[in-house]
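What follows is a short report on a single structure.
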Amino acid sequence: MHPGSPQKTRSVFHNVDWLTIFLYLCLVLIGWINIYAAVYDADHQSILDLSRNYGKQLLWILSSFVIIAVILLLDSKFFSTFAFGFYGLTILLLILVLLIGTSVGGNQAWIAIGDFRLQPSEFAKVATALALARFLSGNNIRMQDMNTRFLSFLIIGIPVGLILLQKDAGSALIFSAFILVLYREGLSSFVLIIGVVLTTLFILALVIEPVYLALFLLAGGGLLIYRLRKRRKLITMLSLGLVISLAFIFATNYLFYEVLQPHQRSRIEVLLKDDIDLRGVGYNLNQSKIAIGSGRLLGKGFLKGTQTKYNFVPEQSTDFIFCTIGEEWGFLGSTLVIGLYVALLLRIVHVAERQRAAFTRIYGYGVASIIFVHLIINVGMTIGLVPVIGIPLPLLSYGGSSLWGFTILLFILVKLDANRMGAIR
Amino acid sequence: MNAYFERKYVIQGIIIAAALILVARLFYMQVLDTQYRLSAEDNVLRRNVVYPARGIIVDRNNNILVQNQPVYDLMVIPKDMRPFDTLELCKLINISKEDFARKLDRAKKYSYHKASLFEKQLSDTVYASLQEALYQFPGFFVQNRTVRNYPHNVAAHVLGYVDEVTEADIKRSNNFYRQGDYIGRSGIERAYEEVIRGHRGVYFELVDAFNRPMGSFQDGRFDTAAVAGEPLVSSLDLELQQLGEALMQNKVGSVVAIEPATGEILAFVSSPSYDPNLLVGRTRGNNYMKLLRNENNPLFIRPTQAQYPPGSTFKPLMALIGLQEGIVTPDSRFPCYGGYRMGRLTVRCTHNHPPLNIAQSIQGSCNAWYCHEFARLIDHNPQAASASDAYKRWRTYLENFGLGVSSRIELPYEATGILKEASYYDDLYGSGRWRSSNIISLAIGQGELGTTPLQLANMMAAIANKGYYYRPHLVKSIGDEQYVRPEFTTKMETGIDERHFEAVHDGMERVFEPGGTGVYSRIEGIRICGKTGTAQNPHGKDHSIFTAFAPRENPKIAIAVVVENAGYGSTWAGPIASLMIEKYLRDTITRPDYYINRILEANLLPERKTQN
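In the order they appear, the protein sequences are chains Z and A. Here numbering that gives the first Met the number 0 is used: the first residue of the first sequence is 0, the next is one more, and so on. Here numbering that gives the first Met the number 0 is used: the first residue of the second sequence is 0, the next is one more, and so on.
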C-alpha cells in the first residue's frame, strides 16, 4: 500500500469488471426466482419466507455480497501469497471430513457445525485453482518439463483422491476441468485429443456391442491406413492408436461391469439404455427429461410447471434446478440461461487473457474451466446427455456452500483483475 | 511469457461447441419431440372414474324397494406407491399383514399403472379415520361407490342382487365393464342391467408425485359426468308383497298375483325367502354360501322354477276347452258314482255327485265330470281325426294359456312346465295305440302335467280377461319417461271365445258358496271366482293350491297360491289367496284375527331328519 497516495480513496469497485459482475448477478437472481418456483406452494407464497429454500437462498445471496466485499477489500497479493496456505488448509479439511463428516445422500462430504453444514470439496476447487496458478506462474516453470507436469497433476490429484474417498465421484470429476488450464499453459494438445477420443469410445462401447464397434474401428482404421500408405510415420501412429482403442473398448466393458460399483453402473446404464427401471435409478432422469421436454418453445410460464411444481422431479431446487427453467421458461429461457453462462465464460477467458500476471491468467482459466465443466455436466445430466452426477449448477442451484464457493472463485478473479495494472506478477 | 496465446481460441471453441450441443439437445427435446409433453400430462393427470348410481327401484305406489348407500373403496396404483408404514395402513383398514401382501400382489398382477381395487366397501367410520392418514400412503386413494340397500327387506327374488363382474363378464361386455364394477346377477337387477347401470363418468385431476390432488385439469374440460342408471317402477305392490311374505312365512311355496288388465305382477312371493340386504357388502360371500346350503333352498325362485301338477285348478280351463271345441255345453251333465270308471280304470271322486252341469262341476270339483269330458274330447272329438290329433288340439289350448311354455318373465332360469308332445305317447304306447284312458289323469290336472305358480296365475288372468292375457312382467315402466316395453302391451289371445266364460265364471264364483270347495275363503261383498286344487305329490303330503281372480266383473287381481305339503287347497292356499285379494281390493282385511293368525303362526315346513 502507498500511504497518502490517491489510491487510498478509491472505492472497492475501482476498475472491477462490471460485465462479469452483471452476469453474476443475473445468474444468481435467475437461480433465486427458479428456486422459488421449484419449491413454491400456495401456503408459503412469500419469497422471503425463511423456512423455505428460497428464503434461505436469499440469506446465502446476501451473505455472498458480504464475502464479495471482503474479497474486494483484501490486498490482491494476498491470494497469490497464501495460495499454497489455502490449499494446505483445504486438504486438511478434506481429511477432516473423512473422519468426522456427515453422510448426506451416500456422500460423506459434509462437516456439520450445529445446523450449518459445510462442504469442503466446494472450497477445494478454489484452493486448487489458486495453488495451480501459483505453481505454474513460478519462475522457470515450463510445461514441457516432466517435473512440472508431474507436480501439476499432483496438485490436482491430491484433492481428487480425498474427494473420491468420500465417495463423491461427481465432485472429483470436476477437477478434470484443470486439464483445460494445463492445455492453455502448454500441455500437449495430444492429451486433450486423447481425452475426448477415450470419452467417446467409452460411451460408444457401452451403447454398441464391443465386437461390432471393434469391427467398425478396424474397418475404418484399415481404410485410413490404406489411403495414407505413403506416410509411414502416420501409419505407425494410427496402427498404435487403433490397437490402444480396441484394447480400451474391451477394457471398458470389463471396467464397467467388474470394477464400477452397482450404483455408479446403474446411473450410467440409465443414461445409455433407454427406459430401464423408470421408477428406480432412472426415475430422476426420466422425470427431469419429461419436465424439460414438456416446456416446449416458450415454457409453461412462471409457477405453472406441473412437473416441478408437483414434486415429480426430486432435488429440483438443487441439482435439478435446470428442470424448472426448462419447464417454465421453455427452450427460449433455457437457451438464454446457457447463453448467459457462455457470455460469462467467454468474458472470463477474455479477462484472463488481458492479464500481465501469469498467476491471474492461469487462475482465470481455472475459474472458467470449473464453471464450464459444472455447466456441461449439470445441464447435460438433466437432459440425459451425461450420467446423473450430483453436482450443482453454478450460482443457480440452491445451497450455501455451492453459492459461496462459486462467489469466492469468481470474485477472487474480479479482485485480481481489478488490480491488473498494479501488480506485475 | 504469454506463450500458447492462440490456444485461447481452442478453449473458446470448446466452450461454444459444448454449449451448442446442449442447446441442440434442448431444441430437440423441447421443440421437436412430442413424447415428453404427453408424458408430463400422464404424470400429473389422474383419471378418476365416477361410478354412476344404479337406478333405484320403486313399487307401483312409489315406495322405494331398492336404493343406494354410499361406501368407500380403497384403490391402489402400484406404480405410485412409495415406501410407507404398511402396518399403520393394515391397522386402519383392519386387515392382516399377509392379507396386505396378497392384495397388493393381486393389484400388481392386474396392472402396474392402472388403479385397482385394494379393499372394498369401507364403512363411513373406517373411511373417516383413513381419510386423515391417506396422504401417508402414496399410491392409495379412495373411490366413492354405492351399494344396494333394501329398506323394506322384501321381494328378494324379484329384485335380485348385484355382484362384482368376473373376467368373463368383462370379456362378454366388450370391455364395457372394468374390474370392480357391479353387475346384476339375478332378478330385475339382471334383466334390466343395461338400463339400470348407468354410464360411468370420468374426471381428470392434477396430482403431484405423491399423488396428492392438486385441482381439476383445465377446469374440467375433458371430464364427463356420470349418468345415473334409470329408475325402475316395479309392478309389485309393496304392501301386498309384504302381506304375502308374512302369510307364507314358515311355509314352502309361492304366491303370484297379477293384474289381469296389464299382466303386471302385483305380488311375487317365493317362500322361504331371505333378507336381500344379506347379499350386499363385505359379508356377502359368506351369507351367500349359507343361503346356498340352507336345506329349504331359499335361493330357489319357486314361482318360476318349481313345477307342480295343477290338480283341480286345471278344471276351469278344461271346461273352457270343451266348450270351445263344442263337445260340451254349459248344461252338459255327466254321471258321477263317486268316480269315473272305464274298464279296469277308476278315477275316484271326492263325493258321490248327482249328474252336474259345468258350473256345478267346478263348484264341486267333480273328477268324474272332467274324465268324461276328456274322454269325449280325445276319443270322440269330431274336429280331430285321431286321439293323437285331438290331444294336439288340446295341447295347443294349454300353450295358448301359457302352460308348458316359458312366460319369458324377467327372471333367469325359468322352468317351462311339463306338457308332453303327442309323440311322447306315440313312443310310449305306439302310434295310434293310445286313447283317453291312457292319459286320463290329465283331465284332472294330474299326470304328466307340470305348471309353475306363475303359469297358474297367468292362466287365471286369461280366464279373468275372458280369453286373453298380457305377458306377466315385474317392471311396470322404465326411467323418468315411464317407458313400457311394447311386448308387455301386446294382447296374447287364447283362442277361447268370450261367450264361453260366463258358465265357467259362474262355477268359479259358486266355489265360495255353500257346497263349494272354497267356502272357507269367502269374502263378504267381493265376488271372487276361484278354484281349489290339491296336487298329488309322490314325495310326501299333497300340495295345497288355490287360484282365483276378483272381482268377477272387471277383475283387478288374479292369483295363484301354492303351499307345498299342506294338503287340501281349501285349507291353506285358499285362505291365503282370499286375504291377499281382500287386502288388494279393500286395502284392509276385515277377517277376524284368529283367521289370519292361524295362517301366520302355522309352521308347514317339511320335517327334516336331524343330521348326525
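Positions of the beta carbon are idealized from the N, C-alpha and C atoms, including for glycine. None of these values were measured; they are calculated from a predicted model.
So SER368 (chain Z) packs on ALA176 (chain Z), CB below 8 Å; how close in whole Å?
-> Here residue 368 (chain Z) corresponds to residue number 369 of the first sequence, with the count starting at 1. Here residue 176 (chain Z) corresponds to residue number 177 of the first sequence, with the count starting at 1. Right, the Cβ-Cβ distance comes to about 4 Å (below 8 Å), so this counts as a contact.
Is DSSP giving PHE221 (chain A) helix, strand or coil here?
-> What you label residue 221 (chain A) is simply residue 222 of the second sequence in a count that begins at 1. Three-state DSSP puts PHE221 (chain A) in coil, outside helix and strand.
Out of curiosity, what's the CA-to-CA distance linking ASN146 (chain Z) and ALA168 (chain Z)?
-> In the first sequence, counting from the first residue as 1, residue 146 (chain Z) sits at position 147. In the first sequence, counting from the first residue as 1, residue 168 (chain Z) sits at position 169. Cα to Cα, ASN146 (chain Z) sits roughly 27 Å from ALA168 (chain Z).
In the DSSP assignment, find the unbroken beta strand (DSSP E) run with GLU492 (chain A) in it and report its ends.
-> For the purposes of this step, residue 492 (chain A) is taken as residue 493 along the second sequence, with counting starting at 1. Here the beta strand (DSSP E) through GLU492 (chain A) covers 490 to 492.
Interface positions of the region 126 to 157 of chain A facing chain D (Cβ-Cβ less than 8 Å), listed along the chain = Looking at the structure shown, chain D is missing, and the protein chains on hand are Z and A.
Near GLU642 (chain A), which residues of its chain fall below 8 Å by C-beta distance, leaving aside the five closest residues on each side in sequence?
-> The structure shown does not extend to residue 642 (chain A), since chain A spans only 0 to 611, so no value can be given for it.
Report back the beta-carbon spacing between ASN283 (chain Z) and VAL387 (chain Z) to the nearest angstrom; my notes put them in contact at under 8 Å.
-> Indexing the first sequence from 1 puts residue 283 (chain Z) at position 284. Indexing the first sequence from 1 puts residue 387 (chain Z) at position 388. Indeed, because the Cβ distance is near 6 Å, the residues count as touching under 8 Å.
On the premise that GLU327 (chain Z) lies in contact with GLY292 (chain Z), defined as a C-beta separation below 8 Å, what is that separation, rounded to the nearest angstrom?
-> On the first sequence, position 293 is the one that residue 292 (chain Z) refers to. On the first sequence, position 328 is the one that residue 327 (chain Z) refers to. Not confirmed; about 13 Å, so no contact.
If you draw a straight line from the C-alpha of LEU402 (chain A) to the C-alpha of SER172 (chain A), how long is it?
-> In the second sequence, counting from the first residue as 1, residue 402 (chain A) sits at position 403. In the second sequence, counting from the first residue as 1, residue 172 (chain A) sits at position 173. Rounded to whole angstroms, LEU402 (chain A) to SER172 (chain A) spans 34 Å at the Cα level.
Candidates A:TYR467, A:TYR369, A:ILE300, A:ALA559: closest to PRO334 (chain A) by CA position = Counted from its first residue, the second sequence places residue 334 (chain A) at position 335. Checking every option, the nearest Cα to that of PRO334 (chain A) belongs to A:TYR369.
Do you know how far the Cα of VAL254 (chain A) is from the Cα of ALA358 (chain A)?
-> Looking up residue 358 (chain A) in the second sequence gives position 359. Looking up residue 254 (chain A) in the second sequence gives position 255. If you draw a straight line from the Cα of ALA358 (chain A) to the Cα of VAL254 (chain A), it is about 26 Å long.
Output, in sequence order along the chain, the residues in the region 127 to 156 of chain Z whose CB is closer than 8 Å to any CB in chain A.
-> none
With 7 Å set as the bound, which would you pick, yes or no: does the beta-carbon of THR334 (chain Z) sit closer than that to a beta-carbon of chain A?
-> Here residue 334 (chain Z) is taken as the residue at index 335 of the first sequence, counted from 1. Output row for THR334 (chain Z): interface = yes.
According to DSSP, residues forming a beta bridge with VAL49 (chain A) = Walking along the second sequence from the start, residue 49 (chain A) turns up at place 50. DSSP lists A:GLY200 as partners of VAL49 (chain A).
Along chain Z, in chain order, which residues have C-beta atoms closer than 8 Å to that of GLN11 (chain A)?
-> Position 12 of the second sequence holds residue 11 (chain A). Per Cβ cutoff of 8 Å: LEU345, VAL348.
Kindly list, in the order they appear in chain A, the residues whose Cβ is closer than 8 Å to that of ARG183 (chain Z).
-> If you number the first sequence from 1, residue 183 (chain Z) lands on position 184. Going along chain A in sequence order, the residues near ARG183 (chain Z) (Cβ under 8 Å) are TYR3, ARG6, LYS7, ILE10.
Could you list the residues in the region 14 to 31 of chain Z with a C-beta less than 7 Å from some C-beta on chain A, going in chain order?
-> none
At what residue ranges does the region 56 to 96 of chain A contain a whole run of the alpha helix (DSSP H), taking only runs of 4 or more?
-> Annotation: the region 56 to 96 of chain A contains the following complete segments of the alpha helix (DSSP H) (minimum length 4 residues), in chain order: 85 to 92.
Alpha helix (DSSP H) segments (min. 4 residues) lying fully within the region 165 to 235 of chain Z | Qualifying alpha helix (DSSP H) stretches, in chain order: 168 to 173, 177 to 183, 188 to 206, 209 to 226.
Is PRO150 (chain A) helix, strand or coil when you go by DSSP?
-> Here the question's residue 150 (chain A) lines up with position 151 in the second sequence. Here PRO150 (chain A) sits in coil by DSSP.
Can you name, in chain order, every residue of its own chain whose Cβ lies under 7 Å from the Cβ of TYR176 (chain A), other than the five neighbours on each side?
-> Within the second sequence, numbered from 1, the residue matching residue 176 (chain A) stands at position 177. Counting only Cβ-Cβ distances below 7 Å, and skipping sequence neighbours, we find VAL164, ASP168, ILE169, ILE182.
So with Cβ pairs under 7 Å, would you call TYR202 (chain A) a contact of chain Z?
-> Position 203 of the second sequence, counted from the first residue, corresponds to residue 202 (chain A). Judged by the 7 Å Cβ criterion, TYR202 (chain A) is not in contact with chain Z.
Every unbroken beta strand (DSSP E) within the region 536 to 601 of chain A, with a cutoff of 3 residues, ordered by chain = 542 to 549, 556 to 562
Within the same chain, show all residues whose beta-carbon is closer than 7 Å to that of GLN66 (chain A), passing over the 5 residues directly before and after it, in chain order.
-> Reading the second sequence from its first residue, position 67 is the one you call residue 66 (chain A). Cβ neighbours of GLN66 (chain A) beyond the five flanking positions: ILE55, ASN148, PRO150.
Would ILE14 (chain A) count as contacting chain Z if we go by Cβ distances under 7 Å?
-> Walking along the second sequence from the start, residue 14 (chain A) turns up at place 15. Yes, ILE14 (chain A) counts as interfacial toward chain Z.
Helix, strand or coil at GLY279 (chain Z) [DSSP, three-state] = Counting from one through the first sequence, the residue named residue 279 (chain Z) turns up at place 280. For GLY279 (chain Z), the predicted model reports a pLDDT of 47, less than 50, meaning its position is unreliable and no value from the coordinates is stated.
Would you verify that the beta carbon of ILE375 (chain Z) is, or is not, closer than 7 Å to some beta carbon of chain A?
-> Start at 1 with the first residue of the first sequence, and residue 375 (chain Z) comes out as number 376. Yes, ILE375 (chain Z) lies at the interface with chain A (some Cβ there is under 7 Å from its Cβ).
From which residue to which residue does the beta strand (DSSP E) around ALA256 (chain A) run?
-> Numbered from its first residue, the second sequence carries residue 256 (chain A) at position 257. Its beta strand (DSSP E) spans residues 252 to 258.
Within the 7 Å Cβ cut-off, does LEU25 (chain A) reach chain Z?
-> Position 26 of the second sequence, counted from the first residue, corresponds to residue 25 (chain A). True, the Cβ-Cβ gap to chain Z drops below 7 Å.
Are the region 390 to 399 of chain A and the region 484 to 498 of chain A touching, with three or more C-beta to C-beta distances below 8 Å?
-> yes
Any C-beta of chain A under 7 Å from that of VAL378 (chain Z) = Looking up residue 378 (chain Z) in the first sequence gives position 379. Answer yes: the Cβ-Cβ gap between VAL378 (chain Z) and chain A drops below 7 Å somewhere.
Selection from A:ASP180, A:ALA225, A:SER272, A:ASN380 that minimises the alpha carbon distance to TYR202 (chain A) | Your numbering for residue 202 (chain A) matches position 203 in the second sequence. Ranking A:ASP180, A:ALA225, A:SER272, A:ASN380 by Cα distance to TYR202 (chain A) puts A:ALA225 first.
Apply the 10 Å Cβ neighbour rule to ASP144 (chain Z) and answer buried if 16 or more other Cβ atoms are within range, or exposed otherwise.
-> The residue labelled residue 144 (chain Z) in the question sits at position 145 within the first sequence. It is exposed - the Cβ of ASP144 (chain Z) has fewer than 16 other Cβ atoms within 10 Å.
Taking Cβ positions only, does GLY294 (chain Z) come closer than 7 Å to chain A?
-> Taking the first sequence and counting its residues from 1, one reaches residue 294 (chain Z) at position 295. Under the 7 Å criterion on CB atoms, GLY294 (chain Z) is classed as interfacial with respect to chain A.
Distance between THR303 (chain A) and GLY416 (chain A) (C-alpha atoms, nearest Å) | Translated into positions along the second sequence, residue 416 (chain A) becomes position 417. Translated into positions along the second sequence, residue 303 (chain A) becomes position 304. Their backbone Cα atoms lie some 9 Å apart in a straight line.
Quick one: what does DSSP say ARG281 (chain A) is sitting in, helix, strand or coil?
-> Here residue 281 (chain A) refers to the residue found at position 282 of the second sequence. Residue state, collapsed to three classes: coil.
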